[in-house]
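2 protein chains.
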Amino acid sequence: MGTGQNTFGKGSSSASGFVSGTGSSSASGFVSGTGQPVVAILTRDGLDEPANLAQIREVAEVRVCTTNSLGPALSDGQGADVLLLWDFFSAALRDNWAQANTLRWVHVCAAGVDAMLFDELRSSDVIVTNAHGVFDGPIAEFVLGSIIAQDKQFHRSQRLQQQKRWERRDTIRTAGRSALVIGTGGIGRAVARLLRTVGLQVTGAGRTERTGDPDFGTVLATDDLSRYVGRFDNVITIAPLTEQTTGLISAEVLAAMKPTSHLINVGRGQLVNELALIEAMRTGAIAAASLDVFDTEPLPELSPLWDMENVHISAHMSGDVVGWRDELADRFLDNLRTYAQGEAPANQVDKALGYVRAG
Amino acid sequence: MGTGQNTFGKGSSSASGFVSGTGSSSASGFVSGTGQPVVAILTRDGLDEPANLAQIREVAEVRVCTTNSLGPALSDGQGADVLLLWDFFSAALRDNWAQANTLRWVHVCAAGVDAMLFDELRSSDVIVTNAHGVFDGPIAEFVLGSIIAQDKQFHRSQRLQQQKRWERRDTIRTAGRSALVIGTGGIGRAVARLLRTVGLQVTGAGRTERTGDPDFGTVLATDDLSRYVGRFDNVITIAPLTEQTTGLISAEVLAAMKPTSHLINVGRGQLVNELALIEAMRTGAIAAASLDVFDTEPLPELSPLWDMENVHISAHMSGDVVGWRDELADRFLDNLRTYAQGEAPANQVDKALGYVRAG
């Protein structure tokens, strides 16, 4: 472990962050007087602190802060070089950017980093990493469950139960049905694999068309979505939210979908034109929507979505399995240890793209 | 195709039905004057007739009847040698047994034959066949969906939606959880395979303990159920209903289950002591029950099960996917063609056991 400066950070003009070779002297060393990283942990009232905080303190000097105290936490003394966005939807870094002079690395405890990215951060050399991988399996299960629940009419059975009505109905065989997974990152891939495992016919959609993908087989281009979306029984949106994907499920795309189709959004609310979706549900342009994410969260009480029988609402929780926060904290600790050894933290977000590039 | 008598049928004293070798003259031929089987099809008001009825008529002389006309349909003219229980829960054969003198084969369009078996039929040489295989895949999906729906709290999300309440909760990772599948027939095996595919830890329970089962790995003996049932997160009952399995999920077994466990009954209502289950749900002895079958069907309006939030009721439909009746009719037609060639129909129920023996 060397004593020089890392080549990345807010003030650095170098385009790339780390040099991955272990022999490079530019890939190690810290400004901290103790030789330890200085980590600001942004939390908020009501949020438990990371369960492994004591272990984090063994590796780093730690400053736990909330939005109001983020500025000093970043700039006091020799300044923080690491920021852990434990409150992962916070946009507070943007407001305190002027005080982030020593910042080199921000770790976001979420898969999507859309809420925290901003232009100055993008054009800086500060590295952004995310919780790549943590949510893959849980969200894949959630999607599979949503599909079977709709196919087997579980929601309708629950309403009939509330009315004490016995109505035998024919339901749908899920195996053999088709699914379009929009988003070919880690979560999309896990969804594709799980759906294939139980016999669904899966196709992917991403920025570029290709064949022979190990998880999807065929990946179609999202540019053309309305041309082919009508072929699919289930349409799953799990793309990162970027300028390109905002409003991807437009009125036009919804109109092109099968009237019997089921939209499942476990990505971000803004991937879907919510007003167009409300209209599509009203007119029966599509049959059902399972929505875990919304334009505004919590979903406002006045939203017509609440009252729609074929809309199935959950509270942005598709990836939140018991122990998920501990898993997030453990992943950060692993990454921090890597960083403390002068190596590049894993799961770096391509800030121009807005997500981790597939390995 | 020979012209002699088959060696099976009500009046035959031979213990076995068909001889499977094609060279045997005893395995072919019919009493029908036209050389065709005479098939009585028992239906009921409100039930569509088999979609392939015209094709059945090409192979056989057909008499479509209801409960009231079953007797003459069986006995008129030279009498029917085949009975198709298209109305598959009917017990009408028992009441018309005296007129079934020429009957050789009853095909039941269901997986479970418990509703139609009776002692005189059991001790006769009349062959009983069932819809073995038709429901395997659909019911396996239904079970998997029930497990994920409970793990991800879909039912609770629906109730919260009705109240326009946004409540983010941590849910359960389904992969890695355990499941005990009680019943090692075709459906139980399909359930086991599908659950394993998505990462559940599956164990079987059947009449005899064994290891190295291709679908279950370990099969435990149902005799000992209360000794080991407490090890499982999910308990699935899909055993055939027999004297031995009636009330298998007893008060004692329920008391031995994990307080966090989930009971899924897709077999027969009588596999579970329903009163004991109601009590177990009231006291929180188990966490949830997904019930597709009941002691009395339709479930009476007075049943306390309707009002229980952790009981998920469906109307005996777990295997009923779109096209299932056509599939049942096609399976019978295949079997009838086999029979018309003097060969043994497939999927013969062991009438002493009450189900098709695993091949």
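Taken in sequence, the protein lines are chains A and B. The first sequence begins at 1 in the numbering used here and counts up by one. The second sequence begins at 1001 in the numbering used here and counts up by one. Don't be surprised by glycine CBs; every beta carbon is placed ideally from N, CA and C.
Grab me the residues of residue i's own chain with a C-beta within less than 6 Å of its C-beta, minus the 5 sequence neighbours each way, in chain order.
| i | result |
| --- | --- |
| L1160 of chain B | E1167 |
| A1280 of chain B | L1254, I1286 |
| G1348 of chain B | For the record, residue 1348 of chain B in the displayed sequence is Gln; it is not Gly. Cβ neighbours of Q1348 of chain B beyond the five flanking positions: I1127, T1129. |
| D1215 of chain B | R1189, A1192, R1193 |
| R282 of chain A | none |
| F1294 of chain B | G1269 |
Establish whether the CB of residue i and some CB of chain A are separated by less than 8 Å.
| i | result |
| --- | --- |
| G1033 of chain B | Here G1033 of chain B scores only 46 on pLDDT, less than 50, and its place in the model should not be relied on; the value that follows carries that caveat. G1033 of chain B does not count as touching chain A. |
| P1050 of chain B | no |
| H1312 of chain B | yes |
| M1317 of chain B | yes |
| H1155 of chain B | yes |
| D1320 of chain B | yes |
Are the C-beta atoms of residue i and some chain B residue less than 8 Å apart?
| i | result |
| --- | --- |
| W324 of chain A | yes |
| E58 of chain A | no |
| P298 of chain A | yes |
| A329 of chain A | no |
| W306 of chain A | yes |
| D295 of chain A | no |
| E301 of chain A | yes |
| W86 of chain A | no |
Based on Cα-Cα distance, which residue from the options lies nearest to residue i?
| i | options | result |
| --- | --- | --- |
| E274 of chain A | A:P300, A:T260, A:T197 | A:P300 |
| V1102 of chain B | B:D1136, B:R1268, B:A1080, B:L1047 | Note on identity: in this sequence residue 1102 of chain B is Thr, with Val being the wrong assignment. It is B:A1080. |
| A1146 of chain B | B:I1264, B:D1330, B:L1353 | The sequence shown places Ser at residue 1146 of chain B, rather than the Ala named in the question. It is B:I1264 whose Cα lies nearest to the Cα of S1146 of chain B. |
| Q1078 of chain B | B:L1084, B:V1062, B:L1085 | B:V1062 |
| A1340 of chain B | B:E1327, B:T1296, B:V1082 | B:V1082 |
| T260 of chain A | A:T184, A:G284, A:A149, A:A60 | A:G284 |
| Y228 of chain A | A:G204, A:G217, A:I238 | A:G204 |
| E947 of chain B | B:H1132, B:K1351, B:V1198, B:L1144 | Outside the modelled stretch of chain B, which goes from 1001 to 1359, sits residue 947 of chain B, for which no answer is possible. |
| L1200 of chain B | B:W1097, B:L1333, B:T1211, B:A1175 | B:A1175 |
| L1074 of chain B | B:R1122, B:A1054, B:V1106 | B:V1106 |
| C109 of chain A | A:R331, A:R156, A:D223 | A:R331 |
| W324 of chain A | A:I187, A:F135, A:V356, A:S157 | A:F135 |
| S1314 of chain B | B:Q1158, B:S1303, B:D1292 | B:D1292 |
| E120 of chain A | A:W97, A:D295, A:D223, A:I249 | A:W97 |
| L53 of chain A | A:D45, A:A40, A:G46 | A:A40 |
| Q163 of chain A | B:M1308, B:T1211, B:P1072 | B:M1308 |
| A140 of chain A | B:K1152, B:H1132, B:G1133, B:A1140 | B:K1152 |
| D1224 of chain B | B:G1206, B:D1213, B:D1233 | B:G1206 |
| Q1055 of chain B | B:N1335, B:L1302, B:S1303 | B:N1335 |
Verify whether the separation of the beta carbon atoms of residue i and residue j is less than 8 Å.
| i | j | result |
| --- | --- | --- |
| A190 of chain A | G137 of chain A | yes |
| A1289 of chain B | L1277 of chain B | yes |
| E343 of chain A | H316 of chain A | no |
| T43 of chain A | D87 of chain A | yes |
| V1235 of chain B | I1182 of chain B | yes |
| A1256 of chain B | G1230 of chain B | yes |
| F1154 of chain B | A149 of chain A | yes |
| I1238 of chain B | I1172 of chain B | no |
| L1248 of chain B | T1222 of chain B | yes |
| D170 of chain A | V1311 of chain B | no |
| D233 of chain A | S178 of chain A | yes |
Please list, in chain order, all residues of the same chain as residue i whose beta carbon is under 7 Å from its beta carbon, the five residues on each side excluded.
| i | result |
| --- | --- |
| R196 of chain A | V202 |
| A1092 of chain B | L1042, T1067, L1070 |
| E1049 of chain B | T1043, V1064 |
| T22 of chain A | For T22 of chain A, the predicted structure reports a pLDDT of 34, less than 50, and the residue's modelled location is therefore unreliable. A value from the coordinates is still provided. Once the five neighbours on either side are set aside, T22 of chain A has no close Cβ partner at all. |
| R1210 of chain B | V1219 |
| L328 of chain A | C109, A131, V134 |
| Q373 of chain A | The question about residue 373 of chain A has no answer, for chain A in this structure spans 1 to 359. |
Can you list, in chain order, the residues of its chain with a C-beta nearer than 8 Å to that of residue i? Leave out the 5 residues immediately preceding and following it.
| i | result |
| --- | --- |
| L1241 of chain B | G1112, D1114, G1267, R1268, Q1270, L1271, G1354 |
| S32 of chain A | With a pLDDT of only 42 at S32 of chain A, under the threshold of 50, the placement of this residue in the model should not be trusted; the figure read from the coordinates follows. For S32 of chain A, where only same-chain residues beyond five positions count, the Cβ hits under 8 Å are V38, E61, Q78, D81. |
| T1246 of chain B | Q1270, L1271 |
| R337 of chain A | V59 |
| R363 of chain A | Since the first residue of chain A shown is 1 and the last is 359, residue 363 of chain A is not available in this structure. |
(message) What are the residues in the region 137–153 of chain A lying within 7 Å of chain B by C-beta distance?
(response) Correct list: G137, P138, E141, F142, L144, G145, I148, A149, K152.
(message) Residues of the region 1248–1267 of chain B in Cβ contact with chain A at a cutoff of 7 Å, in chain order, please.
(response) Those residues of the region 1248–1267 of chain B that come within reach of chain A (Cβ to Cβ, closer than 7 Å) do not exist; the list is empty.
(request) Return the residues of the region 157–185 of chain A that lie within a Cβ-Cβ distance of less than 7 Å from chain B, sorted by chain order. (result) Going along the region 157–185 of chain A in chain order, one finds S157, Q158, Q161, K164, W166, E167, R168, R169, D170, T171, I172, R173, T174, A175 with a Cβ nearer than 7 Å to chain B.
(message) So if I threshold CB-CB distances at 9 Å, which residues from the region 1185–1204 of chain B count as touching chain A?
(response) Per Cβ criterion, the list reads L1194, T1197, V1198, G1199.
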